[in-house]
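Visitor: Residues 3 to 161 in our numbering are what the sequence shown spells out, letter by letter. Virtual Cβ for every residue (Gly too), placed ideally from N, Cα, C. A quick note: this is a predicted structure, and the numbers were derived from the prediction, not measured.
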Amino acid sequence: RTIAGLFEEKSRATLEAITGAPIPAVERIGMFFRDRCRLFAADRTWTAVMFSEEVFKTDPGMSAKTDAIIRTHQRLLVDVIRKGQARGDVKPGNPGHVFLVVMGSLRLLVTQWLAQECRFALVREGERLWRTSAALISAKNSDSHARKGKTYEKKNHPH
3 RTIAGLFEEK SRATLEAITG APIPAVERIG MFFRDRCRLF AADRTWTAVM FSEEVFKTDP
63 GMSAKTDAII RTHQRLLVDV IRKGQARGDV KPGNPGHVFL VVMGSLRLLV TQWLAQECRF
123 ALVREGERLW RTSAALISAK NSDSHARKGK TYEKKNHPH
């Protein structure tokens, strides 16, 4: 099995759940976001390899496979965002940009976690980041996403 194949395998169940779940789009995006946090936190070595772009540059086949998997995830989530916008669940705007804002912030959080030698709880910080992201993209009850979490506390912030 390749690293990309393992990533695809680990993602399959979550992708099936979010595409078939009869819940609002923001909650489905949150399911994927939280799953990524748990997946990355569960295997630090695998995560470090997945986030080491240099590894993939030397192997065109691996690079193409990884890119295809990422594009599949992007297509599915952009579709969830687009449909959520049509139903009024997600704020209007470019669905691709919404995807980049949400998943890009997750990528940066994971990169910081790795750079800091995993010294903060990725799942907990990911949950906090998700609550902020959900409040930013949700067209309904934007304030309720922020209220579910604690207020921002500088002393607990890992960065």
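Which class does residue 140 belong to by DSSP, given the choice of helix, strand or coil?
Guide: Residue 140 falls in the strand class under three-state DSSP.
Visitor: At the level of alpha carbons, what is the spacing between residue 47 and residue 123?
Guide: Between residue 47 and residue 123, the C-alpha separation is close to 16 Å.
Visitor: What are the start and end residues of each continuous alpha helix (DSSP H) run of 4 or more residues lying completely inside the region 9 to 76, in chain order?
Guide: With a minimum length of 4 residues, the continuous alpha helix (DSSP H) runs that stay inside the region 9 to 76 are 27 to 44, 46 to 52 and 55 to 59.
Visitor: Going by alpha carbons, who is nearest to residue 74 out of 60, 62, 98 and 126?
Guide: Nearest of 60, 62, 98 and 126 to residue 74, Cα basis: 98.
Visitor: Could you tell me if residue 32 is buried or exposed, where buried requires 16 or more neighbouring beta carbons within 10 angstroms of its beta carbon?
Guide: The residue in question, residue 32, is buried, as its Cβ has 16 or more Cβ neighbours within 10 Å.
Visitor: By how many angstroms is the C-alpha of residue 27 removed from the C-alpha of residue 95?
Guide: Approximately 14 Å between the Cα atoms of the pair.
Visitor: Give me the Cα-Cα distance between residue 135 and residue 35, rounded to the nearest whole angstrom.
Guide: Roughly 10 Å separates the two Cα atoms.
Visitor: Using the DSSP secondary-structure output, state which residues sit across from residue 92 in a beta bridge.
Guide: DSSP output for residue 92 lists 140 as bridge partner(s).
Visitor: Grab me the residues of residue 20's own chain with a C-beta within less than 6 Å of its C-beta, minus the 5 sequence neighbours each way, in chain order.
Guide: Closer than 6 Å at Cβ, skipping near neighbours: 30, 33 and 34.
Visitor: Return the first residue and the last residue of the alpha helix (DSSP H) that residue 212 is part of.
Guide: With the chain represented from 3 up to 161, any question about residue 212 goes unanswered, as that position is not in the structure.
Visitor: Cα separation between residue 63 and residue 55?
Guide: Spanning the two alpha carbons is a distance of roughly 14 Å.
Visitor: Residue 101 to residue 61, Cα distance in whole Å?
Guide: Their Cα atoms are separated by approximately 27 Å.
Visitor: Relative to the C-alpha of residue 137, which residue among 117, 103, 119 and 114 is closest?
Guide: For residue 137, the nearest C-alpha among the options comes from 103.
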